[in-house]
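Student:
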Amino acid sequence: MRKAPSRWSLVALLGPAYLWLALFGFLPLLIMLYFSFLSDVPLGNRTVHLTLENYARFFSRGFYSRLTLDSLVMGAYTTLGCLLLGYPLAYALARYVQGRWQTALFLLIIVPFWSNSLIRLYSWIIVLGKGGIVSALLSRLGIPLEDGLLFTYPAIIIGLVHAYLPYMVLTIYVALDRIDTSLLEAAASLGARPWRTFLRVIWPLSLPGVLAGVILVFIPAIGSFVEPRLLGGPAGTMLGTIIEDQFVQVFNWPLGAALSFILLLIVILIMALSARLLGLATWDRGQEAGHG
Amino acid sequence: MTTRLKSLTCVGLILVLWLLAACAPVPGAAPTTSESGEGAAVRELHVLNWQGYGSDEPWAIEQFEQAHNARVIHDYFNSEDELLTKLRTSPGKYDVVLPNIAYIPPAIQDGLLQPIDVSRLAVWSKLPERFQTLPEIVHEGEVYGVPWAWGATSLVYNTELYPEGFDSLNVLWDPAYAGQVGFEDNYEDAVIFAALALGLENPSQPEDLDAVRAKLEALMPNVRAFWQSEDEFNRLFSSGEISLGVYWSGSTSRAQTVFGLPIAFVIPQEGAIGWIDAWSIPADAPNPELAYAWIDFMSSPEFYVEWDRVAGAPVPANPESLAQMPEDSFTNTVFGDPSVVEKLAFITYTPPEVREQWIELWQEVKAGAK
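Top to bottom, those sequences are chains A and B. Letter by letter, the first sequence follows residues 21 to 312 of our numbering. Letter by letter, the second sequence follows residues 95 to 464 of our numbering.
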């Protein structure tokens, strides 16, 4: 049995990280929460008062909720894209590729992300733009797309999927790699065909990794503003870009903060709801297994 | 490697990726320059301006530093609101700033600027009376800004694709040019351009915002991309993503002289947006004497004419500088005709409540552009 650590060593282990989080993560967030209830930014000789107006504005104007929906849909497409590309990749890496090749393929996924994200986006601008590689390829294939994909909705999704794919691949890989191969042998010896083994054994066991990946991709993707702004053109106005405008362009931090916290609240609600649904799902499976 | 170790490695990699993503720079965040002086005798002058807008020409900085035994340090902003933000959040940091005159009244109101003793400036007496008495720069008999340069934001097009040129702002709305337009992502200019295209009265402060909204909504199908900075516009234009749009006069001049882009700038029959930039001194500037010297230097023909020659400049407020510019310079060809000024809707001070409406209107239009 493992010996429980003393109280002091526990404090020493947890303390630095939580102190850091409290000082540099939670405190600034609290200040922003306070700002979101102010009538103006409290700098210079301004008089400010507490108000709910910033939150009321979200509900009084239809386009804020429309933009929120747009942002959620954008996050969903990104997550779906990452899942569709990432799962097969992680599966192949975990089950069929070993040794040096595995390391090399992992590096191919990771290394581009050591570069600056703006560099990656500007490369996409060249690739997707007018006369870029993508439009040339598509016109070869008989799909006329003279203007390229740049400054369209798909361009945003392409940029976001590229940005978040590694999170999905790595989390799913971890889950798949942990699956005991004897379980698969057992399934085979009981007569299960490969696809049945996948559906009944591999997929359920990889679900925790899939879920972690979905969360890691979905949450930052909803609030993203760099990719929509640089790749989306007129299609790129999202709640994230409007929040950025409030902070950078028009100096309305209170409204920007209020919009951010509304988005945060929506994300928390979605997560809580899906956690509940998943909890029920695993409970069902547990029941099933118990009866079987 | 054991499975557990491998998993740990993966988790570590994920964390590293998160950190990298969190550290990625935000576009629009201005680079800041800060250096400490070497000798104690060297005074520092902290300038706050747009990047690439004359004051950071290296030859000019060298000239000024040698003449005044000073060190010039620049910081930049990407929008007038950001300029105000920087003045509010960093009191005592800047010695001299270049706001658009429409933003001087809110800066005065917030106590961010100090009155300027115009008798200490050589350039002041040379400025035309209409510049000395601009309502935005004079407050309770005191002067808070020295007009330096003015120019226009107007229609531009690719001269290779449209050799016959355009004379109407409404060409931006023409379905023949769908997906060709590069439009400025700026609520103020968007509202005024729509008012100009509609022929509304007093386009700098249009009354009928519903008509403005409808006009901007009708523009969206023609817009290929929005731009916010000179770099962004030049990239869009040179890569052929856009072939016409709206642009700043000084930037167009630079695009021609420095980058050799086939671009023409016209003041269409409906008019265009005019703006005036003025040097101001922040309330708690550490080195105001140096700021006075700087304003005179920036306004002198020695600096201004050379700036226009090597890089391209907007119209100088100092008539002496204008007189020394060559006949065929961008400034003289576009703004040489005195009637051009009559066609400009100058950006004026807009009260915060009205600006709020404009901001929301523009965001709503952009949100509906999908």
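Cβ atoms here follow ideal geometry from the backbone N, Cα and C, with glycine treated the same way. Just so it is clear, the structure is predicted and the values come from calculations on it, not from any experiment.
State the Cα-Cα distance for the pair B:Glu-326 and A:Ile-286, rounded to the nearest angstrom.
Tutor: 34 angstroms
Student: Please specify which runs of the alpha helix (DSSP H), each continuous and at least 4 residues long, are wholly inside the stretch 232-309 of chain B, giving them in chain order.
Tutor: 281-292
Student: Do B:Val-190 and B:Leu-181 come within 8 angstroms of each other at the CB atom, strictly closer than that value?
Tutor: no
Student: State yes or no: is the beta carbon of A:Arg-86 nearer than 8 angstroms to at least one beta carbon in chain B?
Tutor: yes
Student: Please classify B:Thr-227 as buried or exposed, where buried requires at least 16 neighbouring CB atoms within 10 angstroms.
Tutor: In summary, B:Thr-227 is exposed, with fewer than 16 beta-carbon neighbours lying within 10 Å of its beta-carbon over all protein chains present.
Student: With distances taken Cα to Cα, identify the nearest neighbour of B:Glu-295 among B:Leu-207, B:Lys-437, B:Gly-245.
Tutor: B:Lys-437
Student: Could you pull the start and end residues of the beta strand (DSSP E) that B:Gly-339 belongs to?
Tutor: 338-342
Student: Given B:Ala-201, which residues of its chain have a CB within under 8 angstroms of its CB, disregarding the five upstream and five downstream residues?
Tutor: Leu-178, Leu-181, Pro-193, Leu-207, Tyr-238, Ser-374
Student: Output, in chain order, the set of chain B residues within a Cβ distance shorter than 8 angstroms of A:Thr-257.
Tutor: Within chain B, the residues near A:Thr-257 are Gln-457, Lys-460, Ala-461, Ala-463, Lys-464.
Student: May I ask you to report which of helix, strand or coil DSSP gives B:Ser-374?
Tutor: DSSP places B:Ser-374 in strand when its eight states are reduced to three.
Student: Terminal residues of the continuous alpha helix (DSSP H) containing A:Ile-129?
Tutor: 119-130
Student: What three-state label does DSSP hand A:Leu-58 in the structure shown?
Tutor: strand
Student: Are the C-beta atoms of A:Phe-171 and some chain B residue less than 8 angstroms apart?
Tutor: Yes - at least one Cβ of chain B is within 8 angstroms of the one on A:Phe-171.
Student: Can the beta-carbon of A:Leu-39 be found closer than 8 angstroms to that of A:Tyr-111?
Tutor: no
Student: Given that A:Val-117 touches chain B, what residues does it touch there, using C-beta distances under 9 angstroms?
Tutor: Under the 9 angstroms cutoff, chain B gives no residues; its nearest Cβ is about 13 angstroms from A:Val-117.
Student: Can you find a CB in chain B that lies within less than 8 angstroms of the CB of A:Leu-105?
Tutor: no
Student: Is there a Cβ of chain B sitting closer than 8 angstroms to that of A:Val-93, yes or no?
Tutor: no
Student: Tell me whether B:Val-369 sits in a helix, a strand or coil according to DSSP, three-state version.
Tutor: Checking the displayed sequence, the identity of residue 369 of chain B turns out to be Trp instead of Val. If DSSP states are grouped into helix, strand and coil, B:Trp-369 belongs with the strands.
Student: Determine whether the Cβ of B:Pro-121 lies closer than 8 angstroms to any Cβ atom of chain A.
Tutor: A caution first: B:Pro-121 carries a pLDDT of 41, below 50, which makes its placement in the model unreliable, though a value can still be read off. Judged by the 8 angstroms Cβ criterion, B:Pro-121 is in contact with chain A.
Student: So the beta strand (DSSP E) B:Asn-143 belongs to, where does it begin and stop?
Tutor: 137-143
Student: Starting from A:Phe-281, find everything on chain B with Cβ-Cβ shorter than 9 angstroms and list it in chain order.
Tutor: Those do not exist, as A:Phe-281 stays about 18 angstroms from chain B at its closest Cβ, beyond 9 angstroms.
Student: Answer with yes or no whether the minimum CB distance from B:Arg-307 to chain A is below 8 angstroms.
Tutor: Contacts with chain A at 8 angstroms (Cβ-Cβ) do not include B:Arg-307.
Student: Tell me the rounded alpha-carbon separation between B:Tyr-398 and B:Lys-464.
Tutor: 44 angstroms
Student: Note down, in chain order, all residues in the stretch 390-406 of chain B with a beta-carbon under 9 angstroms from any beta-carbon belonging to chain A.
Tutor: none
Student: Drop a sphere of 10 angstroms on the beta-carbon of A:Gln-269, count the other beta-carbons inside from all chains shown, and report buried for 16 or more, exposed for fewer.
Tutor: A:Gln-269 counts as buried, since no fewer than 16 other beta carbons sit within 10 angstroms of its beta carbon.
Student: Among the candidates A:Leu-297, A:Gln-266, A:Gly-253, A:Tyr-173, whose CA atom is the shortest distance from the CA of B:Glu-450?
Tutor: The shortest Cα separation from B:Glu-450 among A:Leu-297, A:Gln-266, A:Gly-253, A:Tyr-173 belongs to A:Gln-266.
Student: Bridge partners for B:Pro-410 per DSSP, in chain order?
Tutor: B:Ala-243
Student: Determine the chain B residues that contact A:Gly-149 at a beta-carbon separation under 9 angstroms, and present them in chain order.
Tutor: Ser-333, Gly-334, Glu-335
Student: Of all Cβ atoms in chain B, is any one closer than 8 angstroms to the Cβ of A:Tyr-38?
Tutor: no
Student: Determine, using beta carbons only, whether A:Leu-70 and A:Leu-53 come nearer to each other than 8 angstroms.
Tutor: no
Student: Which residues of chain B have a Cβ atom closer than 8 angstroms to the Cβ of A:Arg-66, listed in chain order?
Tutor: Asp-204
Student: Between B:Gly-462, B:Pro-376, B:Trp-369, which has its C-alpha nearest B:Tyr-443's C-alpha?
Tutor: B:Trp-369
Student: Quick check on DSSP: helix, strand or coil for B:Tyr-188?
Tutor: coil
Student: Pairing CB atoms from the stretch 251-265 of chain B with CB atoms from the stretch 339-359 of chain B, are three or more of them under 8 angstroms?
Tutor: The stretch 339-359 of chain B and the stretch 251-265 of chain B touch, with three or more beta-carbon pairs separated by less than 8 angstroms.
Student: Output yes or no for whether 8 angstroms exceeds the beta carbon distance between A:Gly-179 and A:Leu-251.
Tutor: Contact flag set, yes.
Student: DSSP on B:His-168, reduced to helix/strand/coil?
Tutor: Of the three classes helix, strand and coil, the one that applies to B:His-168 here is strand, per DSSP.
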